[in-house]
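Asks:
Residue numbers (the numbering used here): 1 to 89.
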């Protein structure tokens with residue numbers, strides 16, 4: 001799975017991030033990097049960033065941290081974060 005970003009009102013696909021990555025911590029880092037690199041390129045709108053992930057084997061705490069900077073960019077641009085958990089096959 002990966003992260004996709006789309007505009008909500010017309011379903012316009014913006015990008016795929018971390019294609020093929022299933023671990024949430026890696027995906028969050030990729031999303032943050034993408035947000036910082038693209039903050040000035042996207043006009044504010046209603047976006048969805050959907051992260052599809054699977055729980056890590058033997059996970060028992062810790063994990064992904066979405067930084068204040070990433071949250072501020074998402075708020076400024078109007079990006080909602082969806083977390084879609086998928087079973088680990």
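Yeah, the Cβ is synthetic: ideal placement off N, Cα and C, and Gly gets one too. The structure presented is a predicted model; accordingly, all values stated were derived computationally and were not measured.
1. Please tell me whether, using a cut-off of 7 Å, the distance from the CB of residue 85 to the nearest non-hydrogen atom of the ligand SAM is below it.
2. Could you give the residue range of the beta strand (DSSP E) that holds residue 64?
3. Spatial neighbours of residue 79 within its chain, please: CB distance less than 6 Å, with the 5 preceding and 5 following residues excluded, ordered by chain position.
4. Going along the chain, which residues of its own chain have a beta-carbon closer than 7 Å to the beta-carbon of residue 25, five neighbours each way excluded?
5. Taking the alpha-carbon of residue 40 as reference, which of 73, 86, 84, 69 has the nearest alpha-carbon?
6. Kindly list the residues whose CB is nearer than 6 Å to the CB of residue 42, restricted to its own chain and excluding five residues on each side of it in sequence; keep chain order.
7. Between which residues of its own chain and residue 68 is the CB-CB distance below 8 Å, once the five residues before and five after are set aside?
8. Rounded to whole angstroms, what is the Cα-Cα separation between residue 45 and residue 81?
Replies: Once the coordinates are examined:
1. Looking for the ligand SAM in the displayed structure turns up nothing, as the structure carries no ligands at all.
2. As a position in the chain shown, residue 64 is number 64, starting the count at 1. Note, residue 64: premise wrong, no beta strand (DSSP E); not H, not E.
3. Sequence index remark: in the chain shown, residue 79 carries index 79 (1-based). Contacts found: 47, 49.
4. Residue mapping note: residue 25 aligns to position 25 of the chain shown, counting from 1. The beta carbon of residue 25 is closer than 7 Å to those of 63, 64 in its chain, skipping five residues each way along the sequence.
5. By one-based count along the chain shown, residue 40 stands at place 40. In terms of CA proximity to residue 40, 73 leads the group 73, 86, 84, 69.
6. For the purposes of this step, residue 42 is taken as the residue at position 42 of the chain shown. Within the same chain, residue 42 has close Cβ partners 77.
7. As a position in the chain shown, residue 68 is number 68, starting the count at 1. Taken in chain order, the list of residues that qualify is empty.
8. One-based indexing of the chain shown puts residue 45 at position 45. One-based indexing of the chain shown puts residue 81 at position 81. Near 14 Å, if we compare the C-alpha coordinates of residue 81 and residue 45.
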